[in-house]
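**Student:** Mapped onto mature numbering (1 follows the signal peptide of the UniProt record, and there is no 0), the consecutive letters of the sequence shown carry residue numbers -23 to -1, 1 to 91.
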Amino acid sequence: MIQSRRTFLCSASLVAAAGTLTACTVTTSGKTTTLTLNTTKVKAYAQAGINAVTTILSITAVSTAMGAPAVAVIEAAGGALSTALSALASETNGNLTVSYDADFSHLRQFRVIL
């Protein structure tokens, strides 16, 4: 049972973070490391969260306790987030890839002096 809104929000953020981690892969080939983020999965996890919030707000006691202005702000933010995530997934064709050369051998010449 959820004890408070703070506990609920903390739990929801942990679930969202775990979902994001499953949407990310890291591979290394030689000195090149590639990070790939499945933006379609991120969008799906976020949409599930938005849907959960919408369901909670549909409970009259909750929406009344929060007040109409707060509910309107939350609904607007959910719509904006959904639109932004759809655009991200569309622009990246479902995957965002970042590759970088992990060669740090040039840093050997530096010393840390305490």
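C-beta atoms are modelled at their ideal positions from N, C-alpha and C, and glycine is treated no differently.
Just so it is clear, the structure is predicted and the values come from calculations on it, not from any experiment.
DSSP puts S35 in a beta bridge; with which residues?
**Tutor:** In the DSSP output, where bridge partners are listed per residue, S35 has none listed.
**Student:** Just verifying my parser: in three-state terms, what is the DSSP assignment at T69?
**Tutor:** Of the three classes helix, strand and coil, the one that applies to T69 here is coil, per DSSP.
**Student:** Using 8 Å as the cut-off, classify the Cβ of N15 as near or not near the heavy atoms of the ligand ZN, replying yes or no.
**Tutor:** This structure lacks the ligand ZN; in fact it carries no ligand of any kind.
**Student:** In whole angstroms, give me the CA-to-CA distance for A61 and A(-1).
**Tutor:** When rounded, the distance between both Cα atoms is 18 Å.
**Student:** Looking at C-alpha atoms only, which residue of G56, S6, M43, T11 is the closest neighbour of Q25?
**Tutor:** Reading off the sequence, residue 25 comes out as Ala, not Gln. If we check each option's Cα against that of A25, G56 comes out closest.
**Student:** Quick check: T5 and T13, are their CB atoms within less than 9 Å of each other?
**Tutor:** No.
**Student:** Here's the rule I'm using: 16 or more other beta-carbon atoms within 10 Å means buried, otherwise exposed. How should K8 be labelled?
**Tutor:** So K8 ends up on the exposed side.
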